[in-house]
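K.L.:
Sharing a structure here in structure tokens format.
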Amino acid sequence: MKFKVNNNEVYASTGGRPFDKNKPLIIFVHGSGLTHMTWVLQTRYFAFHGYSVLAVDMPGHGLSGGESLKSIEDMADWVSDVIDAVEYKEASLVGHSQGCLVTVECTARNPEKIKTLSLMGGAGAIPMNPELLALAENNDPKAVELMMDWAHGPAGHFGGHPVPGLYHINTGSMLAKTRTIKNTLGVDFRACDNYKNGFEAAKKIKVPTLSILATDDKMCPVKEGKKLANLIDGSQIDIIDNCGHMMLLEEADRVLNVLKKFITTNYPAN
Amino acid sequence: MSDKKGMDPKTYKFDTLSLHAGYQPHKNAGSRQVPIYQTTSYLFDDVDHAAALFNLERGGHIYSRISNPTVAVLEERVASLEGGTAALATSSGMSAIFLAVMTLCEAGDHLVVSSQLYGGTVNLFRLTLPKFGIKTTFVKPRDTEGFKKAIQKNTKGIFGELVGNPGNEIMNMPEIANIAHEAGIPLMVDATYQTPYLCKPIEHGADIVIHSLTKWMAGHGSSMAGIVVEGGKFDWMQNDKFPTMTQPYEGYHGLSFAEEFGPTAFTMKARAEGMRDFGPCLSPQNAWNVLQGIETLSVRMKKHCENAEKMVEYLLGHESVAWVSHPSVPDHPDHDLANKLLPNGKGSMIAFGIKGGKEAGEAFINNVKLASHLANVGDTRTLVIHPASATHSQMDEATLKFAGLSHDMIRLSVGIEDIDDIKNDFENGFRAARKPRLVSNQ
């Protein structure tokens, strides 16, 4: 569905169901340069099982208008604004990669609004390789190729997509090329590189938190994810073997099962 | 993300993907070879799991008409080789074309189609699709501007064989892709003759790539199969031409394929709707057979092309041959375009005219022994046929002429036998062709 935040049009997938304000809200926040489509194997399930879902395209990404936001802090405030814009008082947040930085910061800033936090491939900081950052800011498609290489584990490189017939790396590349690389990936990478408040923000979080990590994640290795999770009181950790950073697609069923148990327990549908 | 070990992507390359893409042994009991999942259906964990699979909330297999694990390996492998986001395998190349068209079009729609096609494909567009309310304007493959002029308000796509069967005329794919995209419609290319080893049409602007896998991809003349590969670049939401892609679909509780699946939307719709309703599924055994062929694709294609160029040279110098059409020939009208689009080889399909016309052609074909006279191409073995009396025999005289066929034309699919043996076999055929009456009286 489309709605406005700060006078800019926002697109968010509702998981294939009409948006229903009477159901608890889950907001899914994508990673650097990507779109709402990365969440398709989680969002449809929740949308058909008692929740209202918004898998947002961040400003300037996917089908959303406006320009990409330049800092993680701005993105965090924007997610809070999304909750206001759809006239909710609270929501459950799910983030992937950069989306983890955004949702951690948003949860720390809005303790009254955020009821649960789910992090996939998260870390307290995501410092960028300077060469990769330069490639993205110079609009070089090689930045996408490198990201897709590093972001995928064995399932991505060999194959075995949970949806028959889909090929991970090429699908991910297309998502990252939906808009101009320097205006999405370039801006996002710079925002990640600049963000230094992740560990301090984590210490403030008091809501139930889940971290899903993957043993073959080169972008946000398990030890970095654990470092973040250990700063959050009562945080749960689930580690997936033989899987890369794109666990929400590479091991979509496993991720959905863990997420389903966590959210339905801590933020049950009506 | 601070890994500094090299700044070149380490994603697998073509030959490695030919052997490995789409499959992980540790998820299949350690079986090094892809298992043949000879089953119709798959257990659900519980009622909720079943409902989620049927509603596309989860990925997975339900029923082998829709998908099958062995077939899925083939689909991912071909998608990876083509640079596509997704693929859908079918029971034959013709069913792949039909499924692609029916995923794209509705009654009242129109397509612009290259006139130089396999005869069965011509009949599909000319005679069968009109029964479904889908009309076609044919344009000669070299008439690039003609493709633009033929586009109407209700045109939903452009279709063609990259190198036309059997005349070897080449579509200017990059320019025709631009024409399609300026009109807000996709370009669909049948690249059976090339395989992704010779050309990846998606890199040149194609949006949907179709193969008869029966041919060079499988390569051994054993199994029928087809595939539709999606490039993932086409924006279905850019205009209102594709409501079945962009609007809520009643068949899946209001799902919009384009919004939910983006770069894989076409494949998702083709499978969820097309395989569900038409059901031209590929058998797991045939998928496995095709996978065996693909493992050696680059090795075979090199040899096919090497032999083809030697046969071109031989035919060009032969007294019984009136003309030779192959993109490797410098005076072929599309030679420069072929060098651009087909840098790894110009393929192993040769069309040539035999002196003496139809009677000589029949005598030639009746007297070759090593070359097989049959209605197929892309076998490891050398194949010959006289198109006007076989593959394209259902066309009337005018359609034959428009498709660039003549009665003296022999279609040759060069195999990977020893080249001297193929030439010696052809000498026997040509010798007989020079005495057609004597041969026919034998």
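Sequence order for the protein chains is A and B. Using my numbering, the letters of the first sequence correspond one by one to residues 1 to 270. Using my numbering, the letters of the second sequence correspond one by one to residues 1 to 442. The beta carbon of each residue, even a glycine, is placed where N, CA and C say it ideally should be.
#1: Tell me which residues share the same chain as methionine 173 (chain B) and place their Cβ nearer than 7 angstroms to its Cβ, disregarding the 5 neighbours each side in the sequence.
#2: Over the uninterrupted beta strand (DSSP E) stretch that includes glutamate 9 (chain A), give me the two end residues.
#3: Taking the beta strand (DSSP E) that valine 189 (chain B) belongs to, which residues open and close that run?
#4: Please confirm if leucine 213 (chain B) has its CB atom under 8 angstroms from at least one CB of chain C.
#5: Using a Cβ-Cβ cut-off of 7 angstroms (strictly less than) and excluding sequence neighbours within five positions of asparagine 242 (chain A), which residues of its own chain qualify?
#6: By the 8 angstroms beta-carbon criterion, what residues does the stretch 13-33 of chain B contribute toward chain A?
#7: By the three-class DSSP mapping on this structure, what secondary structure does phenylalanine 266 (chain B) have?
#8: Could you check what DSSP says for lysine 4 (chain A) in three-state terms: helix, strand or coil?
#9: Rounded to whole angstroms, what is the Cα-Cα separation between glutamate 251 (chain A) and proline 162 (chain A)?
#10: How far does the alpha helix (DSSP H) with methionine 288 (chain B) in it reach, from first residue to last?
#11: Using only alpha-carbon positions, find the residue among B:Pro343, B:Ala375, B:Ser325 and B:Lys346 that is nearest to isoleucine 354 (chain B).
#12: Since proline 132 (chain A) and alanine 143 (chain A) should fall inside the 8 angstroms C-beta cutoff, what is the C-beta to C-beta distance between them, to a whole number of angstroms?
#13: Out of A:Lys223, A:Asn6 and A:Lys196, point me to the one whose CA is closest to glycine 272 (chain A)'s CA.
#14: May I ask which residues mark the beginning and end of the alpha helix (DSSP H) holding isoleucine 419 (chain B)?
#15: Tell me the rounded alpha-carbon separation between asparagine 230 (chain A) and valine 102 (chain A).
#16: First and last residue of the beta strand (DSSP E) that includes tryptophan 150 (chain A)?
#17: Given valine 78 (chain B), which residues of its chain have a CB within under 8 angstroms of its CB, disregarding the five upstream and five downstream residues?
#18: Could you give the C-beta distance for glycine 60 (chain B) and histidine 392 (chain B), rounded to a whole number, given that I count them as a contact under 8 angstroms?
#19: Counting pairs of Cβ atoms below 8 angstroms between the stretch 78-91 of chain A and the stretch 6-25 of chain A, do you hit three or more?
#20: By the 10 Å Cβ neighbour count, where 16 or more other Cβ atoms means buried, how is methionine 1 (chain A) classified, buried or exposed?
#21: Would you say lysine 4 (chain B) reaches chain A, if we count a Cβ-Cβ gap shorter than 8 angstroms as a contact?
#22: Within a Cβ cutoff of 7 angstroms, which residues of the same chain sit near isoleucine 151 (chain B), ignoring the five residues on either side of it in sequence?
#23: If I'm right that serine 31 (chain B) touches glycine 159 (chain A) with Cβ under 8 angstroms, what's the distance once you round it to whole angstroms?
#24: Put arginine 411 (chain B) into one of helix, strand or coil per three-state DSSP.
#25: Looking at the C-beta of phenylalanine 159 (chain B), does it have a partner C-beta in chain A at a distance below 8 angstroms?
#26: By the three-class DSSP mapping on this structure, what secondary structure does threonine 137 (chain B) have?
#27: Quick check on the DSSP output: the beta strand (DSSP E) that includes tryptophan 323 (chain B) runs from which residue to which?
#28: Measuring only the C-alpha atoms, how far is serine 2 (chain B) from aspartate 331 (chain B)?
#29: Based on Cα-Cα distance, which residue from A:Gly62, A:Pro18, A:Ala108 and A:Phe199 lies nearest to histidine 36 (chain A)?
#30: Closest Cβ-Cβ distance between phenylalanine 261 (chain B) and chain A: below 8 angstroms?
#31: Would you call glycine 156 (chain A) buried or exposed, if buried means 16 or more other Cβ atoms sit within 10 Å of its Cβ?
#32: Which residue comes first and which comes last in the beta strand (DSSP E) that contains glycine 93 (chain B)?
#33: Any idea if serine 440 (chain B) is buried or exposed, counting beta-carbon neighbours within 10 angstroms, 16 or more meaning buried?
#34: With 7 angstroms as the limit, tell me which residues of the stretch 38-67 of chain B have their beta carbon closer than that to any beta carbon of chain A; keep them in chain order.
#35: Can you tell me whether DSSP reads serine 348 (chain B) as helix, strand or coil?
#36: Does DSSP put glutamine 442 (chain B) in a helix, a strand or coil?
P.N.:
Looking at the atomic coordinates:
#1: In the second sequence, the residue the question calls residue 173 (chain B) occupies position 173. Leu162, Val189, Pro201, His204, Gly205, Ala206 and Leu341, listed in sequence order.
#2: Here the question's residue 9 (chain A) lines up with position 9 in the first sequence. Unbroken beta strand (DSSP E) run through glutamate 9 (chain A): 8-13.
#3: Here the question's residue 189 (chain B) lines up with position 189 in the second sequence. Taken as a continuous stretch (DSSP letters only), the beta strand (DSSP E) holding valine 189 (chain B) covers 187-190.
#4: No chain C appears in this structure, whose protein chains are A and B.
#5: Start at 1 with the first residue of the first sequence, and residue 242 (chain A) comes out as number 242. Hits under 7 angstroms: Gly153, Pro154, Thr215 and Asp216.
#6: From the stretch 13-33 of chain B, only His20, Ala21, Gly22, Tyr23, Gln24, His26 and Lys27 have a Cβ closer than 8 angstroms to chain A.
#7: Taking the first residue of the second sequence as 1, we reach residue 266 (chain B) at position 266. Phenylalanine 266 (chain B) falls in the helix class under three-state DSSP.
#8: Residue 4 (chain A) sits at position 4 when you count from the first residue of the first sequence. DSSP places lysine 4 (chain A) in strand when its eight states are reduced to three.
#9: The sequence position of residue 251 (chain A) within the first sequence is 251, counting from 1. The sequence position of residue 162 (chain A) within the first sequence is 162, counting from 1. If you take the alpha carbons of glutamate 251 (chain A) and proline 162 (chain A), they lie about 7 angstroms apart.
#10: Counting from one through the second sequence, the residue named residue 288 (chain B) turns up at place 288. Note on identity: in this sequence residue 288 (chain B) is tryptophan, with methionine being the wrong assignment. Tryptophan 288 (chain B) -> alpha helix (DSSP H) spans 284-295.
#11: Against the second sequence, residue 354 (chain B) aligns to sequence position 354. For isoleucine 354 (chain B), the nearest C-alpha among the options comes from B:Ser325.
#12: The residue labelled residue 132 (chain A) in the question sits at position 132 within the first sequence. The residue labelled residue 143 (chain A) in the question sits at position 143 within the first sequence. This sequence places leucine at residue 132 (chain A); proline is not what is there. Yes, they are in contact, since the Cβ atoms of leucine 132 (chain A) and alanine 143 (chain A) sit about 6 angstroms apart, within 8 angstroms.
#13: Missing from the structure shown is residue 272 (chain A); chain A here goes from 1 to 270 and no further.
#14: Here the question's residue 419 (chain B) lines up with position 419 in the second sequence. 419-433 is the span of the alpha helix (DSSP H), which, as asked, contains isoleucine 419 (chain B).
#15: Numbered from its first residue, the first sequence carries residue 230 (chain A) at position 230. Numbered from its first residue, the first sequence carries residue 102 (chain A) at position 102. Roughly 18 angstroms between the two C-alpha positions.
#16: Taking the first sequence and counting its residues from 1, one reaches residue 150 (chain A) at position 150. Element bounds for tryptophan 150 (chain A): not the beta strand (DSSP E) but the alpha helix (DSSP H), 142-151.
#17: Within the second sequence, numbered from 1, the residue matching residue 78 (chain B) stands at position 78. Taken in chain order, the residues that qualify are Gly84, Ala87, Ala89, Pro196, His211, Leu213, Met217, Ile227, Val229 and Ile294.
#18: On the second sequence, residue 60 (chain B) is found 60 positions in, with the first residue counted as 1. On the second sequence, residue 392 (chain B) is found 392 positions in, with the first residue counted as 1. 43 angstroms between Cβ atoms; not a contact.
#19: yes
#20: Locating residue 1 (chain A) in the first sequence gives position 1, counting from the first residue. Methionine 1 (chain A) comes out exposed.
#21: For the purposes of this step, residue 4 (chain B) is taken as residue 4 along the second sequence, with counting starting at 1. Note that lysine 4 (chain B) scores 46 on pLDDT, short of 50, meaning its location in the model is unreliable; the coordinates nonetheless yield the value given after this. At least one chain A Cβ lies under 8 angstroms of lysine 4 (chain B).
#22: In the second sequence, the residue the question calls residue 151 (chain B) occupies position 151. So the qualifying residues of the chain are Val112 and Ala183.
#23: As a working note, residue 31 (chain B) is residue 31 in the second sequence. As a working note, residue 159 (chain A) is residue 159 in the first sequence. Not confirmed; about 15 angstroms, so no contact.
#24: Start at 1 with the first residue of the second sequence, and residue 411 (chain B) comes out as number 411. Here arginine 411 (chain B) sits in strand by DSSP.
#25: Here residue 159 (chain B) corresponds to residue number 159 of the second sequence, with the count starting at 1. With 8 angstroms as the cut-off, phenylalanine 159 (chain B) does not count as an interface residue toward chain A.
#26: Numbered from its first residue, the second sequence carries residue 137 (chain B) at position 137. Threonine 137 (chain B) falls in the strand class under three-state DSSP.
#27: Position 323 of the second sequence, counted from the start, is the residue given in the question as residue 323 (chain B). Its beta strand (DSSP E) spans residues 321-325.
#28: Counting from one through the second sequence, the residue named residue 2 (chain B) turns up at place 2. Counting from one through the second sequence, the residue named residue 331 (chain B) turns up at place 331. Legend: pLDDT at serine 2 (chain B) = 45, less than 50; position of this residue unreliable, value from coordinates given subsequently. Straight-line Cα distance between these residues: approximately 54 angstroms.
#29: As a working note, residue 36 (chain A) is residue 36 in the first sequence. Of A:Gly62, A:Pro18, A:Ala108 and A:Phe199, the residue nearest in Cα terms is A:Gly62.
#30: Taking the second sequence and counting its residues from 1, the one referred to as residue 261 (chain B) is at position 261. Output row for phenylalanine 261 (chain B): interface = yes.
#31: Taking the first sequence and counting its residues from 1, the one referred to as residue 156 (chain A) is at position 156. Flag for glycine 156 (chain A) reads buried.
#32: Walking along the second sequence from the start, residue 93 (chain B) turns up at place 93. Premise fails: glycine 93 (chain B) lies in the alpha helix (DSSP H), 93-104, not in any beta strand (DSSP E).
#33: As a working note, residue 440 (chain B) is residue 440 in the second sequence. Annotation note: pLDDT 46 at serine 440 (chain B) (below 50); position unreliable, coordinate value reported separately. It counts as exposed.
#34: Ala52, Asn55, Leu56, Glu57, Arg58, Gly59, Gly60, His61 and Ser67
#35: Residue 348 (chain B) sits at position 348 when you count from the first residue of the second sequence. Here serine 348 (chain B) sits in coil by DSSP.
#36: Working through the second sequence from its first residue, we reach residue 442 (chain B) at position 442. Residue placement at glutamine 442 (chain B) is flagged as unreliable, the pLDDT there being 41, under the threshold of 50; the coordinate-derived value follows with that caveat. Reduced to three states, the DSSP call for glutamine 442 (chain B) is coil.
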